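A.B. asks: Residue 160 in the UniProt record's numbering sits at position 160 of the sequence shown, and the numbers go up by one each step.
I have a structure here, written as structure tokens, and I will follow up with some questions on it.
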Amino acid sequence: MSEKRRISLVAGSYERFIWGFTLNPNKQTLNPLFSYPSHLSLIKSVAISGSVVASGGSDDTIQLYNLSAASSLGSLTHHSSTVTALSFYSPPHLPFPRDLVSADADGSLAIFDADGFVHLKTLPVHKKAINDLALHPSGKLALTVSRDNCFAMVNLVRGRRSFCCRLDKEASIVRFDASGDSFFMAVDKVVSVHQAEDAREFIKVIERILFAVFTCVLALGGSIIGTIGGAIKGQTTEAASDGESFSKVALLTILLNGKVFMEWICPTVAQAYINSVEAAYGGVVSDIYDSMGVKGMSQTCIMKLPFHKFNSSDKIMKLYNESCCLICFQDFENGELVRILPKCCHIYHLECIDKWLVQQGSCPICRTYILQ
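Now the structure itself:
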């Protein structure tokens, strides 16, 4: 933190102490500001934003300090394991932080509102301890690296993990640059630089792979079911005429129609495919990585579409009989804004369908074009 040619430094130690210093770059002098025996065990992470300082230790707590008053603000005890990383999000126009994100040795992220440090949500992200986390300058997403050799992106707006991929080796550090266009990872003695567009291309590749798998599995399943059906169809008819129980005949009929296969495989593959689409077109990734031209509807046309405030007791909502958004697979909650598409009458979260229509211009379920 720079102010009047002075820099404030905060450091934590294995001896449970946290120190604050002021550094004068011109005179090259370092003066002590405060010192606290803040934790019951060693300190693992420190973060600073404006006049607020946070430290995390192996005692599973986060300690908060006021740098200006050189005083303690209290502690946060929402973690059940060592706090391994901390990061504040501070909007450029504000002199104080708006959010605090912390990571722990269980592989979870905790999100706090910096106004009163209210705990908002805890997200399971990794299977092992998180080594480091980085917040995008927009405050909408976080990157994490973990001891499970994985790299993950977390959507902080929706409070969920967008995707996770395995690295060749364990990364110890991840950081965004000031603009958010690039990020850096340290693996052993090597620091790699990645463009934000790389993440988008990765998501597009995953989307194509999942769609190809979806098509191939359905084709293979249809062939297998068709072969089995051709072999036993005659015997099924004979059994039915001889008075076999209806349940057995119905079971064979279902097998012949492929219903068992479709009901088993389709939801699983469709869930994976739509999750990949969400990662590619979701609000966070779209805001940061979208460099492609608009192929769907214009923003002006989208804004003209009707929207409603969801109310489960509303007669109109009961008429459509839809309880969840089939883009994000989250249930509608009272008070949320939803759009009812004018032709097919399918309902989606306003944010989900708006992002989709910018890219596609048609209903995600029935593919009916909105403007035709």
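Heads up, the beta-carbon is just placed ideally off N, CA and C, and yes, glycines get one too.
This one's a predicted model, so the numbers in the text were calculated from it and none came from an experiment.
Between the C-alpha atoms of G57 and V10, what's the straight-line distance to the nearest angstrom?
C.D. replies: As a working mapping, residue 57 is identified with position 57 in the sequence shown. As a working mapping, residue 10 is identified with position 10 in the sequence shown. So the alpha carbons of these two residues sit roughly 15 Å apart.
A.B. asks: What would DSSP say about Q195, mapped onto helix, strand or coil?
C.D. replies: Counting from 1 along the sequence shown, the entry for residue 195 is found at position 195. Correct three-state label for Q195: strand.
A.B. asks: What are the residues that DSSP puts in a beta bridge with A11?
C.D. replies: Numbered from 1 along the sequence shown, position 11 holds the residue referred to as residue 11. According to DSSP, which records beta bridges pairwise, A11 is partnered with W19.
A.B. asks: According to DSSP, simplified to helix, strand and coil, what is G331?
C.D. replies: On the sequence shown, residue 331 is found 331 positions in, with the first residue counted as 1. The amino acid occupying residue 331 in the given sequence is Asp; Gly does not appear at that position. Three-state DSSP puts D331 in a strand.
A.B. asks: Going by C-alpha distance, which of I347, A70, K309, L305 is nearest S35?
C.D. replies: Here residue 35 refers to the residue found at position 35 when the sequence shown is read from its first residue. Considering only alpha carbons, the answer is A70.
A.B. asks: Which one or two residues does DSSP pair with F163 in a beta bridge?
C.D. replies: In the sequence shown, counting from the first residue as 1, residue 163 sits at position 163. Paired residue(s): M153.
A.B. asks: Go ahead and label G335 buried or exposed: buried means 16 or more other beta carbons lie within 10 angstroms of its beta carbon, across all protein chains shown.
C.D. replies: Here residue 335 refers to the residue found at position 335 when the sequence shown is read from its first residue. Counting Cβ neighbours within 10 Å, G335 comes out exposed, since fewer than 16 surround it.
A.B. asks: Based on the DSSP secondary-structure assignment, which residues constitute the bridge partners of A212?
C.D. replies: Position 212 of the sequence shown, counting from 1, holds the residue named residue 212. A212 is not bridged to any residue.
A.B. asks: Does DSSP put I224 in a helix, in a strand, or in coil?
C.D. replies: In the sequence shown, the residue the question calls residue 224 occupies position 224. Reduced to three states, the DSSP call for I224 is helix.
A.B. asks: Among the residues of its own chain, which have a CB less than 6 Å from the CB of F176, if the five just before and after it don't count?
C.D. replies: Numbered from 1 along the sequence shown, position 176 holds the residue referred to as residue 176. Excluding positions up to five away in sequence, the list reads A134, H136, F183.
A.B. asks: So, at 6 Å on beta carbons, what are the nonlocal neighbours of G180 in its own chain, with the 5 sequence-adjacent residues on each side left out?
C.D. replies: Along the sequence shown, one-based indexing puts residue 180 at 180. For G180, where only same-chain residues beyond five positions count, the Cβ hits under 6 Å are H136, P137.
A.B. asks: State the beta-bridge partners of A85 as determined by DSSP.
C.D. replies: The sequence position of residue 85 within the sequence shown is 85, counting from 1. A85 pairs with A103.
A.B. asks: So, using beta-carbon positions, are I173 and D132 closer together than 8 Å?
C.D. replies: Looking up residue 173 in the sequence shown gives position 173. Looking up residue 132 in the sequence shown gives position 132. Against a cut-off of 8 Å, the Cβ pair of D132 and I173 comes out as a contact.
A.B. asks: Can you give me the C-alpha to C-alpha distance between S49 and P95, rounded to a whole angstrom?
C.D. replies: Residue mapping note: residue 49 aligns to position 49 of the sequence shown, counting from 1. Residue mapping note: residue 95 aligns to position 95 of the sequence shown, counting from 1. Their backbone Cα atoms lie some 8 Å apart in a straight line.
A.B. asks: Considering only residues of the segment 107-133, which uninterrupted beta strand (DSSP E) runs meet the minimum length of 3 residues and lie entirely inside it, listed in chain order?
C.D. replies: For the segment 107-133, whole beta strand (DSSP E) runs of length 3 or above, ordered along the chain, are 108-113, 118-124.
A.B. asks: Just checking my contact of I130 with A85 at CB under 8 Å: how many whole Å lie between their CB atoms?
C.D. replies: The count along the sequence shown starts at 1 and reaches residue 130 at position 130. The count along the sequence shown starts at 1 and reaches residue 85 at position 85. Rounded, the Cβ-Cβ distance is 6 Å, consistent with contact.
A.B. asks: Output the distance between the C-alpha atoms of P32 and F117, rounded to the nearest integer angstrom.
C.D. replies: For the purposes of this step, residue 32 is identified with residue 32 of the sequence shown, where counting begins at 1. For the purposes of this step, residue 117 is identified with residue 117 of the sequence shown, where counting begins at 1. Taking the straight line joining both Cα atoms gives about 27 Å.
A.B. asks: Tell me, please, which residues DSSP counts as bridged to K309.
C.D. replies: Position 309 of the sequence shown holds residue 309. For K309, which the question treats as bridged, DSSP gives the partners L337.
A.B. asks: Do you know offhand how far Q195's Cα is from N311's?
C.D. replies: Residue mapping note: residue 195 aligns to position 195 of the sequence shown, counting from 1. Residue mapping note: residue 311 aligns to position 311 of the sequence shown, counting from 1. Looking at the two C-alpha atoms, the distance is approximately 42 Å.
A.B. asks: DSSP puts S179 in a beta bridge; with which residues?
C.D. replies: If you number the sequence shown from 1, residue 179 lands on position 179. None; S179 has no bridge partner.
A.B. asks: Distance, Cα to Cα, K189 vs L167?
C.D. replies: Mapped onto the sequence shown, residue 189 falls at position 189. Mapped onto the sequence shown, residue 167 falls at position 167. The alpha-carbon atoms of K189 and L167 are separated by roughly 15 Å.
A.B. asks: Work out the CA separation of C301 and H79 for me, nearest whole Å.
C.D. replies: By 1-based counting over the sequence shown, the position of residue 79 is 79. By 1-based counting over the sequence shown, the position of residue 301 is 301. When rounded, the distance between both Cα atoms is 46 Å.
A.B. asks: For T144, name the three-state secondary structure that DSSP assigns.
C.D. replies: Numbered from its first residue, the sequence shown carries residue 144 at position 144. Note: T144 maps to strand in three-state DSSP.
A.B. asks: Using a Cβ-Cβ distance under 8 Å, would G12 count as near chain C?
C.D. replies: Among the chains of the structure shown, chain C does not appear; only one protein chain is present.
A.B. asks: Going by DSSP in three states, T61 sits in which element: helix, strand or coil?
C.D. replies: Indexing the sequence shown from 1 puts residue 61 at position 61. T61 falls in the coil class under three-state DSSP.
A.B. asks: Roughly how far, in whole angstroms, is the beta-carbon of L64 from the beta-carbon of G20, given that I think they are within contact range, below 8 Å?
C.D. replies: Within the sequence shown, residue 64 is the residue found at index 64, counting from 1. Within the sequence shown, residue 20 is the residue found at index 20, counting from 1. Actually they are not in contact, since the Cβ atoms of L64 and G20 sit about 13 Å apart, beyond 8 Å.
A.B. asks: According to the Cβ coordinates, are G139 and H126 closer than 8 Å?
C.D. replies: In the sequence shown, residue 139 corresponds to position 139, counting from 1. In the sequence shown, residue 126 corresponds to position 126, counting from 1. Taking 8 Å as the Cβ cut-off, G139 and H126 do not qualify as a contacting pair.
A.B. asks: Expressed to the nearest angstrom, what Euclidean distance is found between the alpha-carbon atoms of A142 and S313?
C.D. replies: In the sequence shown, counting from the first residue as 1, residue 142 sits at position 142. In the sequence shown, counting from the first residue as 1, residue 313 sits at position 313. So the alpha carbons of these two residues sit roughly 37 Å apart.
A.B. asks: Measuring alpha carbon to alpha carbon, tell me which of D60, V101, P97, G74 ends up nearest T82.
C.D. replies: Here residue 82 is taken as the residue at index 82 of the sequence shown, counted from 1. Checking every option, the nearest Cα to that of T82 belongs to D60.
A.B. asks: Can you tell me the Cα-Cα spacing of G74 and C325, whole angstroms?
C.D. replies: As a first step, residue 74 is located in the sequence shown; it is residue number 74 there, counting from the start. As a first step, residue 325 is located in the sequence shown; it is residue number 325 there, counting from the start. Their Cα atoms are separated by approximately 40 Å.
A.B. asks: Hey, would you say V154 sits closer than 8 Å to L123, going by beta carbons?
C.D. replies: Looking up residue 154 in the sequence shown gives position 154. Looking up residue 123 in the sequence shown gives position 123. In this structure, L123 lies closer than 8 Å to V154 by Cβ.
A.B. asks: Less than 8 Å between C-beta atoms, sequence neighbours within five positions excluded: which residues of the same chain meet that for M303?
C.D. replies: Counting from 1 along the sequence shown, the entry for residue 303 is found at position 303. For M303, where only same-chain residues beyond five positions count, there are no Cβ hits under 8 Å.
A.B. asks: Taking the beta strand (DSSP E) that L33 belongs to, which residues open and close that run?
C.D. replies: The sequence position of residue 33 within the sequence shown is 33, counting from 1. Segment 29-37, the beta strand (DSSP E) holding L33.
A.B. asks: Could you spell out the range, first to last residue, of the beta strand (DSSP E) harbouring L76?
C.D. replies: Start at 1 with the first residue of the sequence shown, and residue 76 comes out as number 76. 71-76 is the extent of the beta strand (DSSP E) around L76.
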